[in-house]
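Read in our numbering, the sequence shown has 272 at position 101, and its numbers run on one by one without any break. To start, the structure under review is shown below, and the notes come after it.
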Amino acid sequence: MPDKRGHQTRSGNSGAARRVLHRVRNETELHDLQKPSLSRKTARLRIALLSLGVLWMLATGFVHPLPHTISERATSPLFPGARITPSVAQAFNRACGNCHSEKTEWPWYAQVAPGSWLVESDVKRARKRMNLSRWENVDPTDQRLLLSAIATVVENREMPPRRYLMLHPKAKLTADESVEVIEWTRTERRRLRESTDGAATQ
Ligand code: HEC
172 MPDKRGHQTR SGNSGAARRV LHRVRNETEL HDLQKPSLSR KTARLRIALL SLGVLWMLAT
232 GFVHPLPHTI SERATSPLFP GARITPSVAQ AFNRACGNCH SEKTEWPWYA QVAPGSWLVE
292 SDVKRARKRM NLSRWENVDP TDQRLLLSAI ATVVENREMP PRRYLMLHPK AKLTADESVE
352 VIEWTRTERR RLRESTDGAA TQ
């Protein structure tokens, strides 16, 4: 009877399958027992490290917007629109330009995560507060406020930030440069005040 044969075949098949499965399970158990658990741990560790490496490369490659954008102002002088002497401009370039302008020269540690994130967030915050490449876009009242803020942070040695100076010792302003910068902020503030007062009375 085809029906019966079919049934027999099916049951015979599943019996064989069960035996094979059983053997496979036994063999893997045996295999697991023979394998020292240390090598499994090492394999897992290796996979974990590899995944971390891949994540790190992805993090560096993709979560990294700023160093790829080169501003059209990267080569233009700081403080457009201000009256500034070359030596004061030079001091700002060296000590402040990397963060407060679009002339940023990205250091090596800005090329890889997590340095890239720290540097980018620093530069983003610094430019938002004061972008010396776009000085002419700041209205004169705010320019005067920023100039006195500059004098204060330079006087108190709050800028450049100390952690930045540890990696960029050349960015430190000398005592003479600090005096020169502070005096310049006063001169420029006076000039702005006089020109806006003049404009108001005209
Ligand atoms: C390593 C990057 C870096 C450098 C270099 C740097 N600054 Fe800053 N500066 C910042 C950041 C970041 C802020 C914003 C701080 C905040 O958001 O609290 C800031 C804020 C300021 C402010 C605003 C302070 C306030 O009153 O809110 C002034 C003014 C300033 N910086 C001046 C300077 C001057 C002048 C120099 C150069 C002598 C300089 N900075 C160099 C990162 C930098």
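Cβ atoms here follow ideal geometry from the backbone N, Cα and C, with glycine treated the same way. Being a predicted model, the structure only gives us computed values, none of them experimental.
Heavy atom of the ligand HEC within 7 Å of Met330 beta-carbon: Along the sequence shown, read from residue 1 onward, the residue named residue 330 stands at position 159. Checking the Cβ of Met330 against the ligand HEC gives yes.
Residues near Pro331 in its chain [Cβ-Cβ closer than 6 Å; skip 5 each side]: Residue numbering aside, residue 331 sits at position 160 when the sequence shown is read from its first letter. Counting only Cβ-Cβ distances below 6 Å, and skipping sequence neighbours, we find Ala266 and Ala342.
Distance between beta carbons of Leu318 and Glu359, contact taken as under 8 Å: In the sequence shown, counting from the first residue as 1, residue 359 sits at position 188. In the sequence shown, counting from the first residue as 1, residue 318 sits at position 147. 6 Å between Cβ atoms; contact.
Contact the segment 308-322 vs the segment 287-299: 3+ CB pairs below 8 Å: no
Contact test: Val309 Cβ vs the ligand HEC heavy atom, cutoff 7 Å: Position 138 of the sequence shown holds residue 309. For the ligand HEC, not one heavy atom lies less than 7 Å from the Cβ of Val309.
Three or more C-beta pairs below 8 Å linking the segment 336-352 and the segment 255-274: yes
N-terminal and C-terminal residue of the alpha helix (DSSP H) that Lys274 is part of: For the purposes of this step, residue 274 is taken as the residue at position 103 of the sequence shown. Neither: Lys274 is in no alpha helix (DSSP H) and is coded neither H nor E.
Top-ranked residue by Cα proximity to Arg334, from Ala230, Val290 and Thr312: In the sequence shown, residue 334 corresponds to position 163, counting from 1. Residue Val290 is the option with its Cα nearest to Arg334.
Beta-carbon proximity of Ser272 to Ser304, cut-off 8 Å: As a working mapping, residue 272 is identified with position 101 in the sequence shown. As a working mapping, residue 304 is identified with position 133 in the sequence shown. It is a contact, given that the beta carbons lie within the stated cut-off.
Asn269 CB to nearest heavy atom of the ligand HEC below 7 Å: Position 98 of the sequence shown, counted from the start, is the residue given in the question as residue 269. Yes, the Cβ of Asn269 comes within 7 Å of a heavy atom of the ligand HEC.
Close beta carbons around Arg364, own chain, < 8 Å, minus the five adjacent residues each side: Working through the sequence shown from its first residue, we reach residue 364 at position 193. Answer for Arg364: Arg315, listed in chain order.
With 16 other Cβ atoms within 10 Å as the buried cut-off, status of Ala281: Indexing the sequence shown from 1 puts residue 281 at position 110. Looking at its Cβ environment, which holds 16 or more other Cβ atoms inside 10 Å, Ala281 is buried.
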